[in-house]
Every structure is written in structure tokens, then in C-alpha cells.
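*Asks:* Here it is: the structure, laid out below.
In the numbering used here, the protein residues as written are 8 to 371.
This is the structure we're talking about:
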């Protein structure tokens, strides 16, 4: 009898649609424009976008120009979705942005200058978003630059500023005073561009309240069931489920070592399962000794993680070769994995590789 030997990744688009509805209901007067950068956080931007479009999404945010081009090609050249590119207007990118009908998010004076030069040369107005740094000190025009640009009509000649946006640096902590400071600064920016729609809140920011939601919300990690572990939202469902089969079961005696090196020594008689997935499939190596898999209705501690294999302590579980172990999903939550590995949920998702078989549920 043959058994499966490699991992499978199930992406539940019905759960995605549910999460989108939950997040959109938090801001009933705003547009919800999903963030599907990094190939939809590793889950496949095209199938995600098609389902989200069917659920009412009309705009999407990606990071790279190449991501925007790929998404436009997947949706169709004439598809009416607005695709915002967070990298903005980089040197030599004008023709590609125009060909794919992408909306660059301009974050610096050189980007604005490059965009106006391209618009003048093409003879066509260029729709853009402007990003302002209100306190995160990462991307965006300074407040002084924003004011200067707004007060000088020539600086934006040929550009249609459709959206003004910023990004919160401490939204996962509602008590952090930086949230209020950034909100007040963004209110100043909004007054400079009264004709533009405003976008301020991503996943965590949506939950800070109506003062942060404005005209467009940008749900990202929450769409996929992630969020701050200290404030989990029980309404959200896991979208991704990574499973791998048991390849071997063995008993290890006290004093024996497992895996490479001499760091993992077994202290008591231990029954282990060797599971067919590893860090090449996206399982984070740092979860060794901290994470767990789900087998036979219970958590099973991770002993080691190698490139292709994981060792789990399974005790007296009724396990057999070929049984599936859940490594991510409704019983092994994304945020718990992130905490065990000392990282964030975003990284756990984007690490998922293309090696696992992919199964989409609820595809349109």
C-alpha cells in the first residue's frame, strides 16, 4: 500500500471571504482594498484576488511592480480592478505601470518628479496615490514635503492624486500614544488634499476605531486569519492549512540523540514520528522545542526541524505511517506558530514554499 510522502497546503477561499466580510463590516462606510503582496502572503495572489473581487473588493495593494503586472495579467488586461503598487514610481517603470494600468504609491519627492516627467511626456494624466510618513520613519513624504507639494500646483502637474495614505507603526498596541500622534498628523495631511480619498488603517489599525478607518481600509494579515496573539479575533478563520504525512514511527531510548549535532538528547523513553515536511516547505526551524503539530486530536511537540523532515513527540497516540499531521491551520494557529518561532505571522505565511501540493477550496 502506497502512502503520501510530501506536504499539502490547503487554501480555504471560503474562509478568506468570511474574514473579508468581518473586516469590511468594521468600516461600513469605507472601501476594503485587500493587501495581497508577496504573492498573496505566499498563498497565491491570483486565486485570492478573483475570490475577493467576487466578494466585492475593487482595489488591491501589492508591493512590487512585477507583482502588479502579474496580477493584472491573471485578472485580465481589461479587468476594472485598481491595483496599487507600494514601491511607487521607480526609474524606468513608467511604461510598464501604464501598460498594466497600475497606480503607483508615490513616497518621495524624486518619485513625484519622475511621475510628473512621465505624465508630461505621455500627454496623459497619471493616477497616483501619495504616501506620507506620519511617524513610522520608513516610507513616505515628510509633513513639510507634503505641505510644499500640496501648495505648489506645478509639483503635481499631470498627476491625479486619487488617494492619500499613511501607515501606523504601533497599531497592535491600542494604548501606544504614537497611534494618536499619527492620527492627528494624518488629519493635517487630509486637509491638504480634500479631493483625495484617505487610507490609514491596515489590519490592526482597523480595530482602533472609526477615527482610523477613513475612506479605504487595507486588510492584510487579518484576511488570512492572523493578527496580534495578545488580541486574537475569534471571528477570523484560518485560511491556510499545511499538513504533512508521517513517514516513520520509532522509539528512542534515553540518552540517544536526534538529528544533527549533539544538542537534542532524549531524556526519557520517547515515541517519535518523522513527518514529511521541513523548513524547505516553510516550517520555521526556530520552532524546534517550542512549536507543535496536531495529530489524533492533540498537540504533539516539535523536537527538531530539518530541511525535509520534522520529528514530533507523539507518546501513545494512535498514529500510523501515512497519517496526516497538521502543522498550520485551525488547530495550529498562525499567531501561535509565530510566537513559538520568535517572529510574526506575516513571515510564517510568506515562507510557505511551492513544494507542497496546493489545494484551493471555493475557487472562482
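Just so you know, even glycine gets a beta-carbon here, dropped at the ideal spot from N, CA and C.
Can you tell me where the beta strand (DSSP E) with residue 300 in it begins and where it stops?
*Replies:* 299-302 is the span of the beta strand (DSSP E), which, as asked, contains residue 300.
*Asks:* Which runs of the beta strand (DSSP E) at least 3 residues long sit entirely within the stretch 221-289? Give them in chain order.
*Replies:* Here the runs fully enclosed are 223-225, 247-259 and 277-282.
*Asks:* Assuming contact is defined by CB atoms lying nearer than 8 Å, are residue 221 and residue 37 in contact in what I supplied?
*Replies:* Closer than 8 Å, so yes.
*Asks:* Are residue 126 and residue 166 touching if we call contact CB-CB under 8 Å?
*Replies:* Yes, these two residues count as a Cβ contact at 8 Å.
*Asks:* For the beta strand (DSSP E) containing residue 320, name the first residue and the last one.
*Replies:* Here the beta strand (DSSP E) through residue 320 covers 317-320.
*Asks:* Is residue 151 a contact residue of the ligand COA, with contact defined as CB to any heavy atom under 7 Å?
*Replies:* As far as ligands go, the structure on display features none, and thus does not contain the ligand COA.
*Asks:* Please look up how many angstroms separate the CB atoms of residue 139 and residue 119, rounded, as I've assumed it's under 8 Å.
*Replies:* Actually they do not touch by this definition, with Cβ atoms about 12 Å apart.
*Asks:* Determine, using beta-carbon pairs with one atom in the stretch 279-296 and one in the stretch 310-329, whether at least three such pairs fall under 8 Å.
*Replies:* Flag = yes, the stretch 279-296 and the stretch 310-329 touch.
*Asks:* Evaluate residue 141 with the Cβ neighbour count: other Cβ atoms within 10 Å of its Cβ, from every protein chain shown; 16 or more gives buried, anything less gives exposed.
*Replies:* So residue 141 ends up on the buried side.
*Asks:* Cβ of residue 67 within 8 Å of Cβ of residue 77?
*Replies:* Not closer than 8 Å, so no.
*Asks:* Using the three-state DSSP reduction, which class does residue 208 fall into: helix, strand or coil?
*Replies:* Looking at residue 208 - three-state DSSP - the assignment turns out to be strand.
*Asks:* Around the C-beta of residue 26, are 16 or more other C-beta atoms found within 10 angstroms, so that it is buried, or is it exposed?
*Replies:* That one is buried.
*Asks:* Evaluate the contact criterion for the stretch 315-328 versus the stretch 247-263: three or more CB pairs, one atom per stretch, below 8 Å.
*Replies:* Because the criterion of three Cβ pairs below 8 Å is met, the stretch 315-328 and the stretch 247-263 touch.
*Asks:* Per DSSP, residue 136 forms a beta bridge with which residues?
*Replies:* Bridge partners of residue 136: 112 and 170.
*Asks:* Return the chain-ordered ranges of every alpha helix (DSSP H) run that is complete within the stretch 20-102 and spans a minimum of 4 residues.
*Replies:* Taking only runs of at least 4 residues, the alpha helix (DSSP H) segments lying wholly in the stretch 20-102 are 20-33, 44-48, 52-61 and 72-82.
*Asks:* Is the Cβ of residue 149 closer than 8 Å to any Cβ of chain D?
*Replies:* Absent from the structure: chain D. Only one protein chain is present.
*Asks:* Helix, strand or coil: which one does DSSP assign to residue 305?
*Replies:* Reduced to three states, the DSSP call for residue 305 is strand.
*Asks:* Report all residues from its chain with a CB closer than 6 Å to the CB of residue 351; omit the five preceding and five following residues, and keep chain order.
*Replies:* Same-chain partners within the cutoff: 345.
*Asks:* Between which two residues does the beta strand (DSSP E) harbouring residue 343 extend?
*Replies:* From DSSP, residue 343 is part of no beta strand (DSSP E) but of the alpha helix (DSSP H) over 341-348.
*Asks:* I'd like to know whether the C-beta atoms of residue 316 and residue 282 end up nearer to each other than 8 Å.
*Replies:* Contact: yes.
*Asks:* If you draw a straight line from the alpha carbon of residue 100 to that of residue 90, how long is it in whole angstroms?
*Replies:* Taking the straight line from one Cα to the other gives about 15 Å.
*Asks:* Pick from 223, 333 and 159: whose alpha carbon is nearest that of residue 307?
*Replies:* The option with the nearest alpha carbon to residue 307 is 333.
*Asks:* Check whether the Cβ atoms of residue 58 and residue 23 sit closer than 8 Å, and answer yes or no.
*Replies:* Cβ distance < 8 Å, so residue 58 and residue 23 count as in contact.
*Asks:* Any idea what DSSP makes of residue 124, helix, strand or coil?
*Replies:* Note: residue 124 maps to helix in three-state DSSP.
*Asks:* So residue 280 packs on residue 16, CB below 8 Å; how close in whole Å?
*Replies:* Actually they do not touch by this definition, with Cβ atoms about 20 Å apart.
*Asks:* To which residues of the same chain is residue 213 closer than 7 Å at the C-beta, ignoring the five residues directly before and after it?
*Replies:* Contacts found: 30, 33, 34, 220, 224 and 226.
*Asks:* Could you give the C-beta distance for residue 88 and residue 60, rounded to a whole number, given that I count them as a contact under 8 Å?
*Replies:* Rounded, the Cβ-Cβ distance is 6 Å, consistent with contact.
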